[in-house]
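Protein chains in written order, with the numbering used here: chain A, 1 to 324; chain B, 1001 to 1288; chain C, 2001 to 2391. Working notes for the structure below.
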């Protein structure tokens, strides 16, 4: 360890400051794009809690993202802005409750079953919004006005203004990062990691592993819901495709690309994934072919993801040094 | 529903279920024996349909297309196993999911580059092209009945292959304890290659057989993939009989769901799956 | 903690990179067209035809629309609504296009319309038929050169009544386009005294039709009316014929059933009658010239999608010519586009108050791989544009 914890903290603060300073230099489109990356980073971190720490590979995480997005679109009045302090908790709660209901069922299964059952449940949720008039059917639904953070007559900030929304999203990202830090250092987090490495042992030690996993599943679902809420507020348009299993696969890919088991890795994965897609789509119309090849390469040659890259490179250099 | 309609719908359900079985059986084999979760299974179904289209155009007959297409699919399967999947046996399910997810993107783009984005149809062989009249309005296509017969034949063949042959014995042993089988001097690598190729052939064959009564179109594998998953989960991973029972159950749920509860047709098969899992989390015939 | 630093460096580098890419400014005397169409996925072929049609008009006019040189910015929308808002923003906010042209998928078009309304960008829809776009969501800056889902189907009602059809079963995918199309048919058919015996729907994109065919056979209606497109349309026509229903209970549909799908249907599409705003064998000079030009430029025959793309360019030309090429005169352009009479290969059409074509709908019949016109099913049909406040 070269740097002390204090230096690391300073560096983290620098990172946040860079993101905070971005709206001062970036153009409108890129501010929105970075805001989207920040939202995806929250989404990826929430999935990482399941995959990277709990060992639960879910292919249905987009369901909670989508359910929260639909919740805010559906409960907001058509011609007036809703109150942020009502719709935000309501959306997160809806996603959390859905995670509780689905978690009770899917956590009865393990391994391949778990992967496929989460996939099937996200399909069910998809059809719920796609096939019924509930949320505008297959064409999707608009959120016409961004919610207002009104407390009585007082409005501390205004999300209708792009920069303020950006900072609100950035604040949410930092809050989720800090929250996850607390959770993972808590006894709950340690048990979760213990379950990942050896569930049998944890159970014989007297832990009710099912309830720990359910807790993690609900928390991850609620945080994915926060991301979905922010997405709906940012873009103002919600569609059933937000719940599709392709979106679930997409966010899983972000987690792996960045390197699982690390919230910073999840953020890195979200950023690089978007950057790669943007870059490739400029090159060729068959850019998904390149995307597929990148996925193959990451799985085969970079198992630890991007955050493991420096360590691996250093490993190579260290061997080189040895010969001197 | 009168008794006549009921019987015809039952026929529809069985016929649909058997076709689902054909595709899902390959998936359950690869799952159960090799422990590999393969999201690209639907792409192999699509590849089969496009092979049927290309080869039928070239040879003029679907039967020739199948005769040529099956070895071709087997070769593709063996090559993919040797190049990619061989690296996955020691990896966890997560990496398998991702790698095969990447393959879906690659296959779909290759399809677009090689054959374009048009919708195609494949003519069925003349001697199977007729229909049998059931009453004054409704007939049943001979080809659909023929597919059902082929699927039943394949199910029996697969059962014999796994339960009654030497190769099947090695496959079964390999799924229990890879290292022990290897120490007995059996070439486990070759067995895995054969099993994987067999799985690809089953999916591709499903695509080829379905091509004349379906359409050959972009993204046709996605729908089939999800349904195959449901079938395998319901039946129990690795069990060929389970896949058959699961496929028939899903065939019935889908067919009668559409007729009796049309508003829930979209979620019917998933509801059935959820119910089965509540009752038996490891599937109907799963080992738990 | 070294790890953390490396991670942070990555983050910072990523952020810096994003900042470096700045929009290229474009000269004021060009028209910057943002083409947001599917280049990959299920609708790739349709996106390609629309692009070809649009560019054909531009190339015929020396690379200009209404005397103004055209510059393109292109985005593949993948027919993915989840990415649609960002993709539309890419064209509007990053590339600063003057006009947004797109797209095929209705959900994606809805997201585009949201962006266009928010930024007051001129938008032309060259396909997506969602009734809402020129209904409750109509806006001064949003035009459409294609159709509403309601239009082609509405025209079929009287056709069937004339044939003496009294009882009809409808069948479609349970998604907005299908449901709106069935609504259109139902409206004119029941108004004329017809009866809808049963409305069957199946989940999109499921194509296991057999249970429905059995049900149709037991209901024994006079005819069946459907809305399907692409691969699903092919499978339905084949299954319908194989179940022996084609001769006893005639099948009718909105024109997308047989557009670009007849070859794949084999013989099953022969004789199928459908209604659409375009047909083969139209007797007008514009269509003949268009077809010859398209064939020459791209080596294939054009379809209805190509026509819609071509007309999107024509509509723009009408607007720009009226303001003598002043791209900034948005008000003048919109007024001219509203008043335009478009000399389309489909026949002349005008714009309704809600900015949707008021056009002839043709009855066509599948013959070989073409859909030759049988008659005009509805003359100058306008969408009712329910919920539009511009009327």
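Backbone N, C-alpha and C fix where the C-beta goes; we use that ideal spot for every residue, glycine too.
### Task
Look at the alpha carbon of residue 2268 of chain C and the alpha carbon of residue 97 of chain A, and state the distance between them as a whole number of angstroms.
Numbered from 1 along the third chain, position 268 holds the residue referred to as residue 2268 of chain C. Numbered from 1 along the first chain, position 97 holds the residue referred to as residue 97 of chain A. Rounded to whole angstroms, residue 2268 of chain C to residue 97 of chain A spans 49 Å at the Cα level.
### Query
Could you give the distance in angstroms between the alpha-carbon of residue 2301 of chain C and the alpha-carbon of residue 2034 of chain C?
Position 301 of the third chain, counted from the start, is the residue given in the question as residue 2301 of chain C. Position 34 of the third chain, counted from the start, is the residue given in the question as residue 2034 of chain C. Rounded to whole angstroms, residue 2301 of chain C and residue 2034 of chain C show a C-alpha spacing of 25 Å.
### Message
Using a Cβ-Cβ cutoff of 8 Å, what residues of the stretch 2098 to 2110 of chain C are near chain A? List them in chain order.
### Response
2106, 2107 and 2110
### Message
Under 7 Å, CB to CB, which of the residues in the stretch 220 to 237 of chain A have a partner in chain C?
### Response
Result list: 235, 236 and 237.
### Query
Tell me which same chain residues have a C-beta within less than 7 Å of the C-beta of residue 2315 of chain C, skipping the five on either side of it?
Looking up residue 2315 of chain C in the third chain gives position 315. Sequence-distant Cβ neighbours of residue 2315 of chain C in its own chain, meaning closer than 7 Å and more than five residues away, are 2124, 2143, 2145, 2337, 2340 and 2342.
### Query
DSSP beta-bridge partners for residue 2359 of chain C?
For this step, residue 2359 of chain C is matched to residue 359 along the third chain. According to DSSP, which records beta bridges pairwise, residue 2359 of chain C is partnered with C:2381.
### Coarse secondary structure for residue 2375 of chain C, derived from DSSP in three states
The count along the third chain starts at 1 and reaches residue 2375 of chain C at position 375. Note: residue 2375 of chain C maps to strand in three-state DSSP.
### Task
Run down chain B in chain order and give the residues with a C-beta less than 7 Å from the C-beta of residue 291 of chain A.
Within the first chain, numbered from 1, the residue matching residue 291 of chain A stands at position 291. Going along chain B in sequence order, the residues near residue 291 of chain A (Cβ under 7 Å) are 1105.
### Message
By DSSP's criteria, residue 1201 of chain B is part of a beta bridge. Which residues make up the other side?
### Response
Within the second chain, residue 1201 of chain B is the residue found at index 201, counting from 1. BP columns for residue 1201 of chain B are empty, so no partner.
#### Entry: Collapsed DSSP secondary structure at residue 2208 of chain C in the structure displayed
Against the third chain, residue 2208 of chain C aligns to sequence position 208. Coil at residue 2208 of chain C, not helix or strand.
### Message
Quick check on the burial criterion: 16 or more other C-beta atoms within 10 angstroms. Buried or exposed for residue 2045 of chain C?
### Response
Numbered from 1 along the third chain, position 45 holds the residue referred to as residue 2045 of chain C. Its Cβ being crowded by 16 or more others within 10 Å, residue 2045 of chain C is buried.
### Task
Would you mind reading off the limits of the beta strand (DSSP E) that contains residue 2390 of chain C?
Mapped onto the third chain, residue 2390 of chain C falls at position 390. It is not in any beta strand (DSSP E) - residue 2390 of chain C carries neither H nor E in the DSSP assignment.
### Task
Give me the Cα-Cα distance between residue 217 of chain A and residue 244 of chain A, rounded to the nearest whole angstrom.
As a first step, residue 217 of chain A is located in the first chain; it is residue number 217 there, counting from the start. As a first step, residue 244 of chain A is located in the first chain; it is residue number 244 there, counting from the start. Spanning the two alpha carbons is a distance of roughly 19 Å.
### Task
For the stretch 106 to 154 of chain A, list the beta strand (DSSP E) runs that are entirely contained and at least 3 residues long, ordered along the chain.
none
### Task
Please list the segments of the alpha helix (DSSP H) lying wholly inside the stretch 2038 to 2062 of chain C, counting only runs of 4 or more residues, in order along the chain.
Qualifying alpha helix (DSSP H) stretches, in chain order: 2044 to 2060.
### Message
Helix, strand or coil, according to DSSP, for residue 2075 of chain C in the structure here?
### Response
Taking the third chain and counting its residues from 1, one reaches residue 2075 of chain C at position 75. Here residue 2075 of chain C sits in strand by DSSP.
### Query
By Cβ distance, which residues of its chain are closer than 6 Å to residue 2256 of chain C, with the 5 residues on each side in sequence left out?
The residue labelled residue 2256 of chain C in the question sits at position 256 within the third chain. Hits under 6 Å: 2229.
### Message
Could you check whether residue 1042 of chain B and residue 1224 of chain B sit closer than 7 Å to each other, using their CB atoms as the reference points?
### Response
Residue numbering aside, residue 1224 of chain B sits at position 224 when the second chain is read from its first letter. Residue numbering aside, residue 1042 of chain B sits at position 42 when the second chain is read from its first letter. Taking a C-beta distance under 7 Å as the contact criterion, residue 1224 of chain B and residue 1042 of chain B qualify as a contact pair.
### Task
To the nearest angstrom, report how far apart residue 1213 of chain B and residue 1122 of chain B are at their CA atoms.
The residue given as residue 1213 of chain B occupies position 213 in the second chain. The residue given as residue 1122 of chain B occupies position 122 in the second chain. Looking at the two C-alpha atoms, the distance is approximately 8 Å.
#### Entry: Short CB-CB distance (under 7 Å) between residue 139 of chain A and chain C
Taking the first residue of the first chain as position 1, residue 139 of chain A is located at position 139. The beta carbon of residue 139 of chain A sits closer than 7 Å to some beta carbon of chain C.
### Query
Is the CB of residue 1266 of chain B under 7 Å away from at least one CB in chain C?
Numbered from 1 along the second chain, position 266 holds the residue referred to as residue 1266 of chain B. It does; some Cβ of chain C falls within 7 Å.
### Message
Counting only C-beta atoms, is residue 242 of chain A closer than 7 Å to chain C at any point?
### Response
One-based indexing of the first chain puts residue 242 of chain A at position 242. Yes - at least one Cβ of chain C is within 7 Å of the one on residue 242 of chain A.
### Message
Can you tell me whether residue 2364 of chain C is buried or exposed? The criterion is at least 16 other CB atoms within 10 Å of its CB, across all chains shown.
### Response
The residue given as residue 2364 of chain C occupies position 364 in the third chain. Buried, because 16 or more other Cβ atoms sit within 10 Å of the Cβ of residue 2364 of chain C.
### Task
Show which residues of chain B have a CB atom less than 7 Å away from the CB atom of residue 127 of chain A.
Position 127 of the first chain, counted from the first residue, corresponds to residue 127 of chain A. Under the 7 Å cutoff, chain B gives 1266 and 1267.
### Message
Could you check whether the Cβ of residue 2170 of chain C sits closer than 7 Å to any Cβ belonging to chain A?
### Response
On the third chain, position 170 is the one that residue 2170 of chain C refers to. Chain A contact via Cβ: absent.
### Task
Would you tell me roughly how many angstroms separate the C-alpha atoms of residue 1169 of chain B and residue 1143 of chain B, rounded to the nearest one?
Your numbering for residue 1169 of chain B matches position 169 in the second chain. Your numbering for residue 1143 of chain B matches position 143 in the second chain. Rounded to the nearest angstrom, the two C-alpha atoms are 35 Å apart.
#### Entry: Beta-carbon separation (whole angstroms), residue 2234 of chain C vs residue 1023 of chain B, contact threshold 8 Å
Position 234 of the third chain, counted from the start, is the residue given in the question as residue 2234 of chain C. Position 23 of the second chain, counted from the start, is the residue given in the question as residue 1023 of chain B. Actually they are not in contact, since the Cβ atoms of residue 2234 of chain C and residue 1023 of chain B sit about 20 Å apart, beyond 8 Å.
### Query
Given 8 Å as the limit, is there contact between the stretch 2089 to 2106 of chain C and the stretch 2344 to 2359 of chain C, that is, 3 or more CB pairs closer than that?
no
### residue 2200 of chain C, DSSP secondary structure in three states
For the purposes of this step, residue 2200 of chain C is taken as residue 200 along the third chain, with counting starting at 1. Strand.
### Task
Could you spell out where the beta strand (DSSP E) holding residue 971 of chain B opens and where it closes?
Limits of chain B in this structure are 1001 at one end and 1288 at the other, which puts residue 971 of chain B out of reach.
### Task
Name, going along the chain, the residues of the stretch 1081 to 1094 of chain B whose beta-carbon falls closer than 7 Å to a beta-carbon of chain A.
Going along the stretch 1081 to 1094 of chain B in chain order, one finds 1087, 1093 and 1094 with a Cβ nearer than 7 Å to chain A.
### Task
Please report the Cβ distance between residue 2215 of chain C and residue 1259 of chain B, rounded to the nearest whole angstrom; I am assuming they are in contact, meaning their Cβ atoms lie under 8 Å.
As a working mapping, residue 2215 of chain C is identified with position 215 in the third chain. As a working mapping, residue 1259 of chain B is identified with position 259 in the second chain. Confirmed, about 6 Å.
### Query
Taking the alpha-carbon positions, what's the residue 102 of chain A to residue 117 of chain A distance?
The residue given as residue 102 of chain A occupies position 102 in the first chain. The residue given as residue 117 of chain A occupies position 117 in the first chain. Taking the straight line from one Cα to the other gives about 10 Å.
### Query
residue 2401 of chain C versus chain A: which residues are under 7 Å apart at the beta carbon?
Outside the displayed range of chain C (2001 to 2391) lies residue 2401 of chain C, so it cannot be described from this structure.
### Message
Can you list, in chain order, the residues of its chain with a C-beta nearer than 7 Å to that of residue 1097 of chain B? Leave out the 5 residues immediately preceding and following it.
### Response
As a first step, residue 1097 of chain B must be located in the second chain, where it is residue number 97. The beta carbon of residue 1097 of chain B sits closer than 7 Å to the beta carbons of 1037 and 1039 from its chain, once the five residues preceding and following it are set aside; these are given in chain order.
### Query
Any contact of the stretch 2185 to 2201 of chain C with the stretch 2154 to 2173 of chain C, i.e. 3+ C-beta pairs under 8 Å?
yes
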